[in-house]
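Protein sequence lines, in the order shown, are assigned to chains A and B. Take the first sequence: its position 100, counted from the start at 1, is 93 in the numbering used here, and no numbers get skipped. Here the numbering used here = 1-based position in the second sequence + 4. The C-beta atom is built at its ideal place from N, Cα and C for all residues, glycine as well. These numbers were taken from a predicted model, which means no experiment stands behind them.
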Amino acid sequence: SQQGEEDPQALSIQEGENATMNCSYKTSINNLQWYRQNSGRGLVHLILIRSNEREKHSGRLRVTLDTSKKSSSLLITASRAADTASYFCATGKTSYDKVIFGPGTSLSVIP
Amino acid sequence: SAVISQKPSRDICQRGTSLTIQCQVDSQVTMMFWYRQQPGQSLTLIATANQGSEATYESGFVIDKFPISRPNLTFSTLTVSNMSPEDSSIYLCSVDGGPSTDTQYFGPGTRLTVL
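Below is the structure:
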């Protein structure tokens, strides 16, 4: 079963703008991850944030986690056309355990 | 991170037939996972394959429909049996990232269309 909700379901922005996607989850977590999927192909792992962390950065990506609200956000700054993809949040315990995915946000970056 | 390949990358099949999807990883891993992604949907776990033991299936998925093999630490297969159009999906395998990370790594997926 899916972990929670993501919003927006779809997002369209101009190149250079920032994109923010939100994810909510239902149960307690050890970590939360964000993945990208281009054109219905394989998933690329973007970033992992642990339950004791509040914010994490990786290049143009910024992830926040609020465990009291059971929510996370992914910010992509200075977006590029190549960022066009679907973005999924996912929760799990360790890499040996199943990952539960949110419904995803479809991002379109218009050149 | 592990490099994972899947074969075939895509296929179009007739209803009632079966398709076996292969997942190969370039290093030994403990756990391999099979996910299904129906059109426009998110990923749902089908089963977990641990080498040397029977696969563990999630609710709603059964071994007769999705038999899985895990003959060694670098390879697994998923068979989609007696296919119907409702089986049209992307099937993805993933592997554990090892003890130093909580991340799983995903293969490129197999896009299956059933006519």
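- In the three-state reduction of the DSSP assignment, Pro89(B) falls in the helix class, which pools H, G and I.
- Here Ala59(B) is not bridged, per DSSP, to any residue.
- Annotated as proximal: Ala71(A) and Gly9(A), with beta-carbon spacing under 8 angstroms.
- In chain order, Gly(-3), Glu(-2), Lys63, Ser64 place their CB closer than 7 angstroms to the CB of Ser17(A), counting only its own chain and leaving out the 5 sequence neighbours on each side.
- Phe94(A) is not a Cβ neighbour of Gln30(A), given a cutoff of 8 angstroms.
- Setting aside the 5 residues that flank it on each side, Ala3(A) is surrounded in the same chain by Ser99, each with a C-beta closer than 6 angstroms to its C-beta; the list follows chain order.
- Residues of the segment 33 to 56 of chain A with a Cβ closer than 9 angstroms to any Cβ of chain B, in chain order: Gly33, Arg34, Gly35, Leu36, Val37, His38, Leu41, Arg43.
- Close CB contacts of Gly85(A) within its chain, under the 6 angstroms cut and outside five residues either way in sequence, are with Val92 (chain order).
- The three-state reading of DSSP puts Asp30(B) in coil, since its state is none of H, G, I, E or B.
- Measuring C-alpha to C-alpha distances from Thr81(B) to each of Pro103(B), Thr52(B), Leu47(B), Arg19(B) identifies Thr52(B) as the nearest.
- Taking all protein chains shown into account, Gly52(A) has fewer than 16 neighbouring C-beta atoms within 10 Å of its C-beta and is therefore exposed.
- Chain-ordered, the chain B residues with CB closer than 8 angstroms to the CB of Gln26(A) read Asp106, Thr107.
- The three-state reading of DSSP puts Ala74(A) in helix, counting H, G and I together.
- Below 8 angstroms, too few C-beta pairs join the segment 21 to 30 of chain A and the segment 21 to 28 of chain B to call them touching: fewer than three.
- Counting along the chain, Ser104(B) sits inside no beta strand (DSSP E), nor does DSSP assign it H or E at all.
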